[in-house]
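Q:
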Amino acid sequence: MKPERPFPAKRLGMALLLSTIAGGALIAQQNQRPGYTDTPLIPGSRWRVHDRDRPHPRVIDPGTPGTLDRPGKPPSDAIILFDGKDLAQWRADNGGPPGWKVEDGAMVVVGGKGSLVTREEFGDCQLHIEWAAPEPPRGSGQGRGNSGVLLFGRYEVQVLDSYDNPTYPDGQAAALYGQYPPLVNACRKPGEWQTYDILFTAPRFKDGKLERPGYITVLHNGVVVHNHTQILGSMAHRQAPSYQPHGPKGPLVLQDHGNPVRYRNIWIRELKDYDQP
Ligand code: MG
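Under our numbering, the letters of the sequence shown match residues 39 to 315, in that order.
Below you can see the structure in the form of structure tokens.
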């Protein structure tokens, strides 16, 4: 008996033909909007289960993750707030030009020059920000590497050198200042770059009253430290937090607490229903 070749040319031709037909069928199916029109409505939704008329999510480039040495590439639909070059997206909290330094691709707090405020305002959002505490460390407790990421200029995710630096737990790095300590202390050494990835749902107010509190999820160096945590109000020192009504959008503020903390690779994505413009 003649041994058969592992994959004869004739068979290869047939396989290619079949895969072309299958590919063509798939494209034709996609053009016909695959899905169903006879399925039940999803509770609370105007869409049916597997609804063929439901809009498709936009396609974006997700970017690339960073390393300890190099920041990653932001998603293509992110608003870039700092890419290592200039402070064009920022102003000082007194309304003047930002007084912080740009050095080696980082923006550096210059004590006494004021906090920085974004020129643009944002509502519900995903925020990515990288920071490094001063090396060598100076001071202790709240005086070592203190800064802060303040959503709406009032809900603070604390920035602090919390590597072997005891302070009150609701004031350490990644704490919701004055409200909740982080679930764990995931701080890196001073001088090393650290990341915060924050999902923020802004509180809603109606007729000057709180309608729905805000919620926050925070990952510190990739580790979840707040999981859809209910925000209790504006950040306050030695006072119970409480809400003060505000609009649906607010600026992002980076705090000047007098310590030369560095920031890099800051980007934000506003979050809304995927089928809204
Ligand atoms: Mg602070």
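All C-beta atoms, glycine included, are put in the ideal place defined by N, C-alpha and C. Given the structure is predicted, the values throughout are model-derived calculations rather than measurements.
According to DSSP, is Gln217 part of a helix, a strand, or is it coil?
A: Locating residue 217 in the sequence shown gives position 179, counting from the first residue. DSSP places Gln217 in coil when its eight states are reduced to three.
Q: Going by DSSP, what residues sit across from Pro256 in a beta bridge?
A: Numbered from its first residue, the sequence shown carries residue 256 at position 218. The identity of residue 256 in the sequence shown is Val, whereas the question assumes Pro. Paired residue(s): Ile236 and His264.
Q: With DSSP as the reference, please indicate the residues paired to Ile304 in a beta bridge.
A: Within the sequence shown, residue 304 is the residue found at index 266, counting from 1. Answer is Phe120.
Q: Compare the beta carbon distance of Leu154 and Trp169 with 8 angstroms and say whether it is the shorter of the two.
A: Residue numbering aside, residue 154 sits at position 116 when the sequence shown is read from its first letter. Residue numbering aside, residue 169 sits at position 131 when the sequence shown is read from its first letter. Judged by their CB atoms, Leu154 and Trp169 are not nearer to each other than the 8 angstroms cut-off.
Q: Please work out which residues of its chain come closer than 7 angstroms, Cβ to Cβ, to Ala116, disregarding the five sequence neighbours upstream and downstream, and give them in chain order.
A: The residue labelled residue 116 in the question sits at position 78 within the sequence shown. Only Trp305, Ile306 and Arg307 meet the Cβ criterion.
Q: Can you list, in chain order, the residues of its chain whose CB lies under 7 angstroms from that of Lys287, leaving out five sequence neighbours each side?
A: In the sequence shown, counting from the first residue as 1, residue 287 sits at position 249. Correct list, in chain order: Glu159, Phe160 and Gly161.
Q: Hey, which residues come within less than 7 angstroms of the ligand MG, measuring from Cβ to any heavy atom, in chain order?
A: Here the list is Asn184, Ser185, Gly186, Glu194, Gln196, Val197, Leu198, Tyr215, Gln293 and His295.
Q: When DSSP builds the beta bridges, which residues end up paired with His166?
A: Position 128 of the sequence shown, counting from 1, holds the residue named residue 166. According to DSSP, which records beta bridges pairwise, His166 is partnered with Asp235 and Trp305.
Q: According to the Cβ coordinates, are His94 and Gly186 closer than 8 angstroms?
A: Translated into positions along the sequence shown, residue 94 becomes position 56. Translated into positions along the sequence shown, residue 186 becomes position 148. No, these two residues do not count as a Cβ contact at 8 angstroms.
Q: Using only the heavy atoms of the ligand ZN, determine whether one of them is closer than 7 angstroms to the beta carbon of His266.
A: Only the ligand MG can be found as ligands here, which leaves the ligand ZN out of the picture.
Q: I'd like the span of the beta strand (DSSP E) that includes Val291, first residue to last.
A: One-based indexing of the sequence shown puts residue 291 at position 253. The continuous beta strand (DSSP E) containing Val291 extends over residues Leu290 to Leu292.
Q: Buried or exposed: which applies to Arg157, given that a residue is buried once 16 or more other Cβ atoms fall within 10 Å of its Cβ?
A: Within the sequence shown, residue 157 is the residue found at index 119, counting from 1. Per the 10 Å Cβ criterion, exposed.
Q: Apart from the five residues on each side of it in sequence, which residues of its chain come closer than 8 angstroms, Cβ to Cβ, to Arg90?
A: Position 52 of the sequence shown, counted from the first residue, corresponds to residue 90. Excluding sequence neighbours, Arg90 sits near Arg71, Pro72, Gly73, Tyr74 and Thr75.
Q: I think Asp208 touches Tyr218, with their Cβ atoms under 8 angstroms apart; what is that distance to the nearest whole Å?
A: Numbered from its first residue, the sequence shown carries residue 208 at position 170. Numbered from its first residue, the sequence shown carries residue 218 at position 180. Confirmed, about 6 angstroms.
Q: Can you name, in chain order, every residue of its own chain whose Cβ lies under 6 angstroms from the Cβ of Gly104, other than the five neighbours on each side?
A: Numbered from its first residue, the sequence shown carries residue 104 at position 66. Excluding positions up to five away in sequence, the list reads Gly110.
Q: Pick out whichever of Trp231, Asp235 and Tyr206 has its Cα sitting closest to the Cα of Arg276.
A: Taking the first residue of the sequence shown as position 1, residue 276 is located at position 238. Of the candidates Trp231, Asp235 and Tyr206, the one whose C-alpha sits nearest the C-alpha of Arg276 is Tyr206.
Q: Exposed or buried, which one is Leu106 when buried takes at least 16 other CB atoms within 10 Å?
A: Stepping through the sequence shown from its first residue, residue 106 is reached at position 68. That one is exposed.
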